[in-house]
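Peer 1: Mind having a look at this structure? Questions to follow.
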Amino acid sequence: AFWKQNTRAGRIHLGMDEAHDLGRGVFMDKHGPKPAFDIFNRHLGRVVSICEKHSLEPMIWSDMYFRMGSPSRQDYYDPATVIPPEVKAAIPAQAQLVYWDYYHHDKAFYKDWIARHKALGKEPVVASAAWTWSNLWHNADMTEKAAKPCIEVSIAENVRNLIVTMWGDDGSTCDFDSAMLGFAFCAEQAFAHD
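So the sequence shown is numbered by our numbering: it starts at 9 and just counts up by one.
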């Protein structure tokens, strides 16, 4: 209700990432073993219904689906990831998936992972980044190496929504204003292409 009153966009990013070892620990003690996919989709469904009540369009980071489908359960970018058809069908239709990738420099990788997201039956939002974490100043080199191929492939694959993030995790004390260079670079890649 707070976000509905304080934003005009009508969209809300719920996050829902980093739920590692979902369904283990105390949950398993109380309810026994349950598939993490089922727990995640059930909870997402509840949160989506709250968003609908407030006329908000939810989006989440997609990595938990790919991590849960990985044999190691930890690797977001595991090519061996399998997301079962029944899990795909149970992802709430209203939840938009956001494919974040700040690390790869290879266009083929982005093309493959955008296709994997589309195979879930959803048009993904793609998120690149202006590198601000673990640095005192924006890391232009890493931003350019990862964002350029990400944006180029997103355009080629007709991705309609692309966002550029910045983070202050790991105790980072980055001067966020320095990231304006990264945002300008990303905007130029997105809007000044041939």
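For every residue, glycine included, the Cβ atom is placed at its ideal position computed from N, Cα and C. Please read all numbers here as calculations on a predicted model, not as lab measurements.
List, from N- to C-terminal side, the beta strand (DSSP E) runs of 3 residues or more that fit wholly inside the stretch 117-164.
Peer 2: As far as the stretch 117-164 is concerned, its whole beta strand (DSSP E) runs of at least 3 residues are 133-137.
Peer 1: Cβ of residue 192 within 7 Å of any heavy atom in the ligand ATP?
Peer 2: With respect to small molecules bound, the structure shown includes none, and the ligand ATP cannot be examined in it.
Peer 1: Look at the alpha carbon of residue 178 and the alpha carbon of residue 140, and state the distance between them as a whole number of angstroms.
Peer 2: Each residue's alpha carbon lies about 11 Å from the other.
Peer 1: When you compare each of 18, 198, 54 and 73 to residue 25 by their alpha carbons, which one comes out closest?
Peer 2: Nearest C-alpha to residue 25: 73.
Peer 1: For residue 145, which residues in the same chain have their Cβ closer than 8 Å to its Cβ, ignoring the five residues on either side in sequence?
Peer 2: Closer than 8 Å at Cβ, skipping near neighbours: 182, 183 and 186.
Peer 1: How is residue 41 classed by DSSP in three states: helix, strand or coil?
Peer 2: Three-state result, residue 41: coil.
Peer 1: Report the partner residues of residue 104 according to the DSSP bridge assignment.
Peer 2: Beta-bridge pairing links residue 104 to 67.
Peer 1: So, are the CB atoms of residue 56 and residue 87 less than 8 Å apart?
Peer 2: Not closer than 8 Å, so no.
Peer 1: What is the DSSP secondary structure of residue 47, reduced to helix, strand or coil?
Peer 2: DSSP places residue 47 in helix when its eight states are reduced to three.
Peer 1: How many angstroms separate the CA atom of residue 154 from the CA atom of residue 47?
Peer 2: Residue 154 and residue 47: Cα-Cα distance of roughly 33 Å.
Peer 1: Please state whether the Cβ-Cβ distance between residue 66 and residue 107 is less than 8 Å.
Peer 2: It is not a contact, given that the beta carbons lie outside the stated cut-off.
Peer 1: Quick check: the Cα distance between residue 116 and residue 54, rounded to an integer number of angstroms?
Peer 2: The alpha-carbon atoms of residue 116 and residue 54 are separated by roughly 36 Å.
Peer 1: Here's the rule: buried if 16 or more other CB atoms are within 10 angstroms of the residue's CB, otherwise exposed. What is residue 174?
Peer 2: So residue 174 counts as buried.
Peer 1: Do you know offhand how far residue 112's Cα is from residue 118's?
Peer 2: Rounded to the nearest angstrom, the two C-alpha atoms are 8 Å apart.
Peer 1: Taking the CB atoms as reference points, tell me whether residue 158 and residue 109 lie closer together than 8 Å.
Peer 2: The answer is yes: Cβ separation under 8 Å.
Peer 1: Have a look at 97, 69, 63 and 151 and flag the residue whose alpha-carbon is nearest the alpha-carbon of residue 14.
Peer 2: That would be 63, whose Cα lies nearest to the Cα of residue 14.
Peer 1: Express the C-alpha separation of residue 50 and residue 98 in angstroms, rounding to a whole number.
Peer 2: Approximately 9 Å between the Cα atoms of the pair.
Peer 1: Determine the contact status of residue 138 and residue 191, defining contact as a CB-CB distance below 8 Å.
Peer 2: Contact flag set, yes.
Peer 1: Alpha carbon to alpha carbon, what distance is there between residue 61 and residue 196?
Peer 2: Each residue's alpha carbon lies about 38 Å from the other.
Peer 1: Name the DSSP beta bridge partners of residue 172, please?
Peer 2: According to DSSP, which records beta bridges pairwise, residue 172 is partnered with 136.
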